[in-house]
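Residue numbers for the sequence shown follow the numbering used here, beginning at 512 and rising by one.
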Amino acid sequence: MEISNSFFFPLHTRIASISPARPRDKCVHCSRGTSNETNKMPVYIRKGPLEIPPGSEKDWSVDDEDDYFLKDPDKALDYLPQPYRMIDRELDLLIDQAWEIITINEQNREAEKLKTKILIHEPNAEIHMTRRVNCIASGKSGTYIFVGLSEGVAVYRVSDLHWICGWEEPKVEICSLDVCHVKNEMYLIAAVDDMGIGRLLILAEDKLNLLKIINVPEDLSKRTNCIHFEIAEGGEYAGVLLEGNHECWLEIYRMPKDSWLKELESSQILPPTEAPSSTPTLPFTPPTLTLKIKPPKPLTGSSFRSLQEALQKSEDCSMFGTGQNHIISAQQWDQQKAIFMDVFQKYVDLESHIITDGQWSRHVSFHFVQSNKILLGELDRIPGVMPNAVSVHWNDCHNLYFYLLGAPSKDKSDIEPKPDLVWPCAAAITCSAVSSCFYLALGLQDGTLTIWDMKYSGFPLAVVDLPEGKCIDSLYFLECHTANRDSPPTPRAQLLVWCTDKSLYLLTGAEGTESNIVLIRESSINSDTQISAVMPVQSLPNAVLLFYRSGIVELMDISLKEAVCQFSLPFSHWVAFPWQPVYAFDSENLFLFLKGNEKMSAGEIMAEGVEACSLFTFNLNSLQLLDAFKKMQHTSLSLSQNLHWEQRCKIVLQNRLHSFPERKKKIAECWSKLKKQASPLIY
512 MEISNSFFFP LHTRIASISP ARPRDKCVHC SRGTSNETNK MPVYIRKGPL
562 EIPPGSEKDW SVDDEDDYFL KDPDKALDYL PQPYRMIDRE LDLLIDQAWE
612 IITINEQNRE AEKLKTKILI HEPNAEIHMT RRVNCIASGK SGTYIFVGLS
662 EGVAVYRVSD LHWICGWEEP KVEICSLDVC HVKNEMYLIA AVDDMGIGRL
712 LILAEDKLNL LKIINVPEDL SKRTNCIHFE IAEGGEYAGV LLEGNHECWL
762 EIYRMPKDSW LKELESSQIL PPTEAPSSTP TLPFTPPTLT LKIKPPKPLT
812 GSSFRSLQEA LQKSEDCSMF GTGQNHIISA QQWDQQKAIF MDVFQKYVDL
862 ESHIITDGQW SRHVSFHFVQ SNKILLGELD RIPGVMPNAV SVHWNDCHNL
912 YFYLLGAPSK DKSDIEPKPD LVWPCAAAIT CSAVSSCFYL ALGLQDGTLT
962 IWDMKYSGFP LAVVDLPEGK CIDSLYFLEC HTANRDSPPT PRAQLLVWCT
1012 DKSLYLLTGA EGTESNIVLI RESSINSDTQ ISAVMPVQSL PNAVLLFYRS
1062 GIVELMDISL KEAVCQFSLP FSHWVAFPWQ PVYAFDSENL FLFLKGNEKM
1112 SAGEIMAEGV EACSLFTFNL NSLQLLDAFK KMQHTSLSLS QNLHWEQRCK
1162 IVLQNRLHSF PERKKKIAEC WSKLKKQASP LIY
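Okay, here's the thing in structure tokens:
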């Protein structure tokens, strides 16, 4: 079939040459310059009334006439009828949109060329794994790396990446690990498998032994699941979050470390005996259950007859309570609830969410804290005992509860104590974080962030609000252990705030200064560019590891808001589960451990039965860019260590005096607000 050259002419020219005549003429010329009757094209007009065009086309004629005049001012071409004018317009619109996209892409390419190239860091070593790797944990001493496998736990030496020892159990998938360095070469390992069974293991003398199974499934109908297992720093206590039979609770155990050391020494003398790994290999002293904390009971009507009876029930009136001891009757409680729901029903429907049975434990957080200004009055009750405590907050609860560890109980049989301290908040607590410098951060449901200085002053360092529409997902403190050995002249805290829309903020708060919050990473519509995990590098100031859903891992300088380098796996591997990466960081040796899966087709994975994986190690000491981080760390150390204690005291007093007017103003504003809120209740 031959194609005429007229096919390549503009569309409106070709359509004009074959377009029918206008209705007002029975016959018109296709070209204005011809007058030959033989070139006339007859047009037959249908009899009857003409169809009325729809209302959407009423303004087409005006727009088309203006547009036609701009394109053809000499009127050399015929005016196109419908629907050809609409087709011509749509084609022009598509061409304009395509050209706009091409221009934007070209601008992006030019911008990428102008950007500085990010340093790509290749792995220094690789550990081939014969079993599936589910989790990784690093001991704080920097000697060993612990790997949770599909059939147990393996221990590797960090210096040469050699296998040291392991604990094996068939058909056990270790899903989470928490490691605590006790002393010398002794480690405590808290492991939780996929069936919700928690196990406590001990590493000593290059041997891994099972100490205790926390929740033994004796009866399937009464089975409990271990949701979270955490060991306090130093190995004195351990917290286990359990759920079962539509209930959940937190158990605190005390660890007999000294007894275990003696038992390990005595076991070296005995001849080796083979024992199944599903049971403790040696008769170790079991941990002691000291606390069993349950969720707070919902508030109901009071059974007290008078105020004196309610006050007698409260043993200590020097602090806020849980609100259980009140004198509001059940009838009055129901009336007030009905009035509230009648007035604020539309707001309750928008913000309320139903909590199903067993969902409490998914939103429970607890932290082990040491002696501080907040608990100073309560710690006088515990003479001669290490002053430790645990802070707990539950889902949709406005209160933060503190429980003292080691406090003598009046009733020895009662292991469900009342909280020793209650912090009421203005909104429900969604997340919290505790730093090694005894800073406590609370994130509330309404987007409010608070950082408390619990060690030095006992006052809040920062209280800020997130931008509207932002919800807090998790909090991370930026801290440098070497820089925080001595008390700073002015307490200062930096907090990373990771929101639910995957945006990242940096909150800085210091005593006597105004707090500020800075956007580090914006939320992205593209899921590949969203952040999947955040990990601060504790041994380097302002350094944070960011993991993206696309598999990119980068080291970022928070102060500059720029990526320092990226960590890339070999071409034959990719980052395993980039939406939930498996990684660990050794802050002592500056080693990053990252799991990578071999690139295999689905058929090869089905044939082999398991996906081949490896652990890749990245040594950050080989990066030349780390000199800037270390120089910054040395500067911060010199500013605090070279000052005499008298000069430090003088600086603290001067900062305190400078901040006095601002603190006095805030106290006055606080009292005025309290007076306004209390006046309707008093009068």
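Yeah, the Cβ is synthetic: ideal placement off N, Cα and C, and Gly gets one too.
Quick check on K1013: buried or exposed, where buried means 16 or more other Cβ atoms within 10 Å of its Cβ?
buried
My parser needs the beta strand (DSSP E) runs of 3 or more residues fully inside the region 978 to 1063; what are they?
983 to 989, 1003 to 1010, 1015 to 1021, 1027 to 1032, 1042 to 1047 and 1054 to 1059
Secondary structure at Y950, three-state DSSP: helix, strand or coil?
strand
Distance, Cα to Cα, C676 vs T959?
47 Å
Measuring only the C-alpha atoms, how far is R1060 from D976?
28 Å
Thinking L1101 and L1131 are a contact (beta carbons under 8 Å), I'd like their distance in whole angstroms, please.
4 Å
From the DSSP secondary-structure annotation, give me the bridge partner or partners of D1068.
A1054 and E1073
Give me, in chain order, the residues of the same chain whose beta-carbon lies closer than 6 Å to that of L951; leave out the 5 immediate sequence neighbours on both sides.
V945, W963 and M965
The alpha helix (DSSP H) spanning V1086 covers which residue range?
Counting along the chain, V1086 falls outside any alpha helix (DSSP H), though it belongs to the beta strand (DSSP E) covering H1084 to V1086.
Q846: buried (16+ other C-beta within 10 angstroms of its C-beta) or exposed?
exposed
Please report the straight-line C-alpha distance between D599 and F855, rounded to a whole angstrom.
56 Å
Between the region 742 to 761 and the region 796 to 815, are three or more C-beta pairs nearer than 8 Å?
yes
Per DSSP, which one or two residues make a beta bridge with L1103?
F1096 and F1129
The beta strand (DSSP E) spanning C737 covers which residue range?
N736 to I742
Do you know offhand how far P681's Cα is from L660's?
11 Å
Going by alpha carbons, who is nearest to L775 out of R765, P794, M766 and N910?
P794
Quick check: L1017 and I983, are their CB atoms within less than 8 Å of each other?
Cβ atoms of L1017 and I983: not closer than 8 Å.
Report yes if the CB atom of V658 is closer than 8 Å to the CB atom of I647, and no otherwise.
Yes, they are a contact pair.
Taking the straight line between their C-alpha atoms, what separation do you get for I1213 and L672?
No answer is possible for residue 1213: the residues shown for the chain start at 512 and end at 1194.
What do you reckon, are the CB atoms on R710 and L721 nearer than 8 Å?
Taking 8 Å as the Cβ cut-off, R710 and L721 qualify as a contacting pair.
Can you tell me whether P681 is helix, strand or coil according to DSSP?
coil
If distances are taken between C-alpha atoms only, which option among Y655, W678 and E979 comes closest to R668?
Nearest option by C-alpha distance: Y655.
Using a Cβ-Cβ cutoff of less than 8 Å, which residues in the same chain neighbour C737 once the five nearest sequence positions on both sides are dropped?
V703, G707, I708, G709, I725, N726, V751, L752 and L753
Going by other Cβ atoms of all chains shown within 10 Å of its Cβ, with 16 needed for buried, is I742 buried or exposed?
Burial of I742 is indicated by the presence of at least 16 other C-beta atoms within 10 angstroms of its C-beta.
Do you know whose CA, among M640, C691 and L772, lies nearest G745's CA?
C691
Identify which residue in S1133, D769 and F1096 has its Cα closest to the Cα of A1044.
F1096
Cβ of A1021 within 8 Å of Cβ of L953?
no
Would you mind giving the Cβ-Cβ distance between L915 and A938, rounded to the nearest angstrom? I have them listed as a contact below 8 Å.
Incorrect: roughly 26 Å between the Cβ atoms, too far for contact.
Provide the residue span of the alpha helix (DSSP H) that contains F851, from first to last.
A841 to V854
Would you check if the distance between the CB atom of N906 and the CB atom of W934 is smaller than 8 Å?
no
Excluding five sequence neighbours on each side, which residues of the same chain lie with their C-beta closer than 8 Å to the C-beta of S1183?
none
Quick one: what's got a C-beta closer than 8 Å to C1076's C-beta in the same chain, skipping five residues either side?
I629, L630, I631, H632, E1065, L1066, L1134 and L1136
Terminal residues of the continuous alpha helix (DSSP H) containing S756?
Note that residue 756 is Asn in the sequence shown, not Ser. Counting along the chain, N756 falls outside any alpha helix (DSSP H), and DSSP gives it neither H nor E.
Among R643, L602, D717 and G1062, whose alpha-carbon lies nearest the alpha-carbon of V683?
Nearest option by C-alpha distance: R643.
Taking the straight line between their C-alpha atoms, what separation do you get for D1039 and K1187?
50 Å
Compute the beta-carbon to beta-carbon distance between L1015 and I1042, rounded to the nearest angstrom, for a pair I have assumed lies under 8 Å.
6 Å
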